[in-house]
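Reading through the structure tokens given below for one structure.
Residue numbers (the working numbering): 86 to 388.
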């Protein structure tokens, strides 16, 4: 077992004011409200602290788990005997670079980034208003909604590697595709992203954002814990429609259920476990395959 006491001492020596929590429940840090305890959770408050933690991890031969806002994660019931680095409140800040570009730190929520752009009269991030999670997570998985995707507006990404060093990636180097970027294979932590946007009347931008938010509120189960869309969009058709046509709206395993409001969402009705959710997703995917011969893949990141 990893000597986490030695790790704590190393971190304390390098960064005496860093926040460490032991046996911290992952359910407190995920939108699903599911997950057992992490052996150690670190809460750096700057890119420099994050870099120093990563360097110590290399010294101690520890591979950390990176957690943002936890809005697309299903954490295991048994927890993790690992170091989890929580970045939700670590990387903050937004800059107006020029007439068409803004730079946003990875810890900023997608909604805040969209509002910042709108206030500057810059269009392109309207789709991101209301998407849960951070810019870092959004860039990592090329998040999207209502016809918009991060790859359409992201032109540059600062990425920190496991050695704690930062490299600038172009949009081409990020190799964006549907709900995917190169970081899923190469590793690396998003530090910031630069977006290329289009000048437009502020009132028009905000009207679009208001319209999209109204659609989201009307159609999605925002009142229940979930991790957003349960499945990726298949090559043909739509996951939610297939699930609905298979008669699975409201289908449940324990306290995990397919939402009665939107069949594309899996929700926690109160006391769902990770096992409940995994079983639910598998049974739904199997039933959909039986009916449509289409294999649904989870969009939720299952740890």
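Positions of the beta carbon are idealized from the N, C-alpha and C atoms, including for glycine.
A direct Cα-to-Cα measurement between residue 346 and residue 335 gives close to 9 Å.
C-alpha of residue 381 to C-alpha of residue 324: approximately 7 Å in a straight line. Between residue 141 and residue 135, the alpha-carbon positions lie close to 10 Å from each other. Counting the other CB atoms within 10 Å of its CB gives residue 264 a total of 16 or more, which places it among the buried residues. Note: residue 383 is bridge-paired with 316 in the DSSP secondary-structure output. Burial is judged here by how many other beta carbons sit within 10 angstroms of a residue's own beta carbon; residue 217 has at least 16 and is buried. Inter-segment contact for the segment 293-302 and the segment 355-363 is absent: fewer than three beta-carbon pairs are separated by less than 8 Å. If you keep only unbroken alpha helix (DSSP H) runs of at least 4 residues inside the segment 208-283, you get 220-226, 256-259 and 268-271. In this structure, residue 373 lies away from residue 343, with their beta-carbon atoms at least 8 Å apart.
Judged by pairs of C-beta atoms under 8 Å, the segment 174-186 does not touch the segment 252-264, as fewer than three such pairs exist.
Burial of residue 119 is indicated by the presence of at least 16 other C-beta atoms within 10 angstroms of its C-beta. DSSP places residue 147 outside both helix and strand once states are collapsed to three, so it counts as coil. A straight line joining the alpha-carbon of residue 248 with that of residue 147 spans about 12 Å. Using a Cβ distance threshold of 8 Å, residue 234 and residue 277 do not count as a contacting pair. When DSSP states are grouped into helix, strand and coil, residue 351 belongs to the strand group.
Inter-residue distance for residue 198 and residue 305 is about 21 Å (C-alpha atoms, whole angstroms). The beta carbons of residue 215 and residue 287 sit no closer together than 8 Å.
Counting only runs of 4 or more residues that sit fully inside the segment 121-209, the alpha helix (DSSP H) segments are 132-144 and 195-204, in chain order. In the DSSP assignment, residue 107 falls within the unbroken beta strand (DSSP E) covering 104-110. The beta carbon of residue 202 sits closer than 8 Å to the beta carbons of 187, 208, 209, 210, 280, 282 and 290 from its chain, once the five residues preceding and following it are set aside; these are given in chain order. Under the three-state reduction of DSSP, residue 343 is assigned to strand. With respect to residue 275, residue 311 sits apart: the two C-beta atoms are not nearer than 8 Å. Within the same chain, and ignoring the five residues on either side of residue 212 in sequence, the residues whose Cβ sits closer than 6 Å to its Cβ are 230, 231 and 233. Under the Cβ criterion (8 Å, minimum of three pairs), the segment 142-162 does not count as touching the segment 98-109. Distance from the CA atom of residue 357 to the CA atom of residue 194, rounded to whole angstroms, is 26 Å. About 7 Å separates the beta carbons of residue 379 and residue 321, which is inside the 8 Å limit, making them a contact pair. Between the C-alpha atoms of residue 126 and residue 251 there is a straight-line separation of about 23 Å.
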